[in-house]
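In UniProt numbering, the protein residues as written are 6 to 871. Glycine is no exception: its CB is placed at the ideal position from the N, C-alpha and C atoms.
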Ligand code: DPP
Ligand code: ZN
């Protein structure tokens, strides 16, 4: 496998104005006839041979140019390419390929999910279907005809609008779809199956009628309403907030069970992982309801940020993903609690993106090179990319930002462009020079801000001294300073806010002066997490407690509490390592008691405030990760806080329980349930029997999956092993016919850290509910064990590492994308203490020594070993 570099970009030598596809879908094979209207690209440098991309696996049955069949000597085929040296300036190429979708386990290109045909073409799946300039800057108008058995596949879908249909011989039928909008091949899609649908409609701001159709297997028909409501909300929101309207007569979503990603924004025909579209109160948790809302919106927003304006090349992936994640985050914030949404997003960023940015796969938001692009659908490109767009929003302010996005969409409609073009639109509307800001796209790593202050009581002058730095990352030894917004405020000791501002950092060191400050203030820094950085300031515990109580910025209230918890947990971790007794700070107990007793606070917010940072996040913050010490310290604190506040937890549990009516997935009800289940977690953590009974009751009597699953997982993860096993069995009997619920059943067991965990996951991997061809099952079981069960995955004998490596090697032959993704925990080997570090490295080396790794796994393993 070899690397591809951004600096080597060349415009396409050939254009494809029109693409007509005909699919004959059969039980053993699929025949694809592609007719491409090709002409020379006047913007390309020099004339070149025609080069089409096509996987070596596909069988080329016939190739012709303007009706003349080519023979083998007219073209060359190797390494995923088909080269035809002699072609006219403008011609029609026809090509017939034969595929085996039934045997496609990689789930890229055309494949079967359960009984239906579907496709996944981003990033480079179209070349597994036919020969094509499969790159996003070649945009073409597609017409697609599907032919299949009418009984087995009554529904035949593709992009755009249906324009003709009819019956064919042998019980078959056909439908032709035409998509008027030119699009890159990665947005092509088809679906054929026996699907049920819910239908609705939407009238756009300008009065256009759009049919909305969501398709799923018949058994899931009762789980589509939430997605439909979310879709309509997203359509309205994009009109109101970005002035963007939908542009076809039909918008379709199809739910499929076998899917590598969350969902895919194919033009007019989104294909979704069932986990991101199906929702029903009895089978779906609140978190999943919110995920459905966010992903439906995300894919819808891509219609403009991604489809109408797309990426020039895959190095620009964040152009559409960073922007679209920012858009969906703002949408979710408007639909739910803004502060809670921000807290959740920042937690993900700090836990997983910061770890990625500090590891061997660290890359800039706009990577400079890749071996396999699938490996770059990362938290850095998505989440950090969204933070970069958010910073532009903060620096320009909402009005100018909107002007900039209007200009961007207008200027580049129908084009394939770069992140630079996006920033340029923001520069043009604001008159600002954002050249330094562009470093966010080109430099990897998480910057660090060091803040100190000085106060002169005589003059009333307060100074903040801010310095910034960024650690080295692979291929980038030295970093230049970033341009970033530092939102902050100053508070008096009694919590009164003295001022609030957005400071702009551009230098390595800067001083900001505030006049007329009556007494030494407490700074509230990086409000709303205004930049994706780590910030150090020597807060005292007292100052953090004051901010936790009084900060006017909700995010920073939470963050003050987190800083304090992290600090206390780190102290206990160290105590545990030294063999000294651990202790729980009384001031923390008192602060939490105050929060628990205050009935005026928003329950959703209290639930966030009283959640201890996860083991994964504490690991990210450690200099050298000691998994056991972190686990022990956190368990100690959790138990101490549970026991010290037992009566408060019970009161809160009862208060929230009484206030929850029938299930509804609105923000207020979700907040009540999240606080109630947090209270139950602490009650269970006391280890006392009565609370086990309370959990059992909740498990048996709740009318919704959020409460039932919370009770299940709390009991299973507690010391009450027997009852845990009993509830698992009951849950299995109740839900064995619901595949998504069974994924949760797998994940809860995989993340159970009690001894014997590896034996349990090994036996689950042989359970009929597990299917190694289904990525959701793999993520539940393997991801659940290696990502959520840190103590057991990192067992000192290395057994967890060996198990994971065995799986990767097995999966790599089946589904390289998923294999490479599941490998992530091993890539972090350098962060651990020497014994585990060596064991993890051994497994990476074992994989490296294996012949014939996929490009996906090869890239991750080889870069990790450097
Ligand atoms: N389907 C993925 C997403 O929407 C890739 N485009 O983010
Ligand atoms: Zn996306």
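Secondary structure at residue 492: strand, using DSSP grouped into helix, strand and coil. Rounded to whole angstroms, the gap between the alpha carbons of residue 711 and residue 289 is 7 Å.
Judged by the Cβ position, residue 326 qualifies as a neighbour of the ligand ZN at the 7 Å threshold, a heavy atom of the ligand being closer than this. The alpha carbon of residue 806 has as its nearest neighbour, out of 245, 846, 257 and 234, the alpha carbon of 846. Look at residue 792 here: in three-state DSSP terms it is helix. Annotated three-state conformation of residue 679 is helix, per DSSP.
If you ignore the 5 residues before and after residue 416, its C-beta comes within less than 7 Å of the C-beta of 430, all in its own chain and listed in chain order. Taking 8 Å as the cut-off, the beta carbon of residue 418 is found closer than this to the beta carbon of residue 313. Counting of Cβ neighbours within 10 angstroms places residue 222 among the buried residues, the total reaching 16 or more. Around the beta carbon of residue 33, a 10 Å sphere encloses fewer than 16 other beta carbons of the protein chains shown; the residue is thus reported as exposed. Put simply, of 354, 229 and 279 the residue whose alpha carbon is nearest the alpha carbon of residue 621 is 354. The continuous stretches of beta strand (DSSP E) do not include residue 155, and DSSP gives it neither H nor E.
Residue 834 and residue 755 have their C-alpha atoms some 21 Å from each other. Closest in alpha carbon position to residue 793, among 379, 357, 48 and 466, is 357. For residue 198, the uninterrupted beta strand (DSSP E) segment begins and ends at 195-198. 8 Å or more divides the Cβ of residue 148 from the Cβ of residue 39. Taken from the Cβ of residue 270, at least one heavy atom of the ligand ZN lies inside 7 Å.
Ranking 200, 186, 618 and 435 by CA distance to the CA of residue 159 puts 200 first.
Annotation: residue 523 is outside any alpha helix (DSSP H) and is labelled neither H nor E by DSSP. Taking the CA atoms as reference points, residue 660 sits about 34 Å from residue 624.
Its Cα nearest to that of residue 709, the residue 292 stands out among 253, 771, 292 and 842. With distances taken between CA atoms, residue 499 lies nearest to 552 out of 532, 552, 474 and 333. Closest option to residue 387, judged by alpha-carbon separation, among 255, 351 and 404: 351. If you draw a straight line from the Cα of residue 334 to the Cα of residue 670, it comes to about 18 Å.
Considering only 140, 594 and 602, the residue with the shortest C-alpha distance to residue 319 is 140. The alpha carbon of residue 699 has as its nearest neighbour, out of 728, 301, 496 and 208, the alpha carbon of 728.
In the same chain as residue 569, and ignoring 5 residues on each side of it, the C-beta atoms closer than 6 Å to its own belong to 549, in chain order. Membership of residue 633 in the alpha helix (DSSP H) is indicated by the continuous run 632-649.
DSSP, read as helix, strand or coil, puts residue 265 in coil. DSSP lists 460 and 519 as the bridge partner or partners of residue 467. For the stretch 750-823, the continuous alpha helix (DSSP H) assignments of 4+ residues that do not extend past its boundaries occur at 762-769, 780-783, 789-793, 795-798 and 804-817, in sequence order. Cβ neighbours of residue 328 within its own chain (closer than 6 Å, five residues either side excluded): 310 and 394. Here residue 384 has 353, 354, 357, 358 and 361 as same chain residues with Cβ atoms under 8 Å from its own Cβ, once five neighbours each way along the sequence are excluded. The nearest non-hydrogen atom of the ligand ZN is 7 Å or more from the C-beta of residue 7.
The alpha-carbon separation between residue 372 and residue 447 amounts to approximately 7 Å. With 16 or more other Cβ atoms inside 10 Å of its own Cβ, residue 826 counts as buried.
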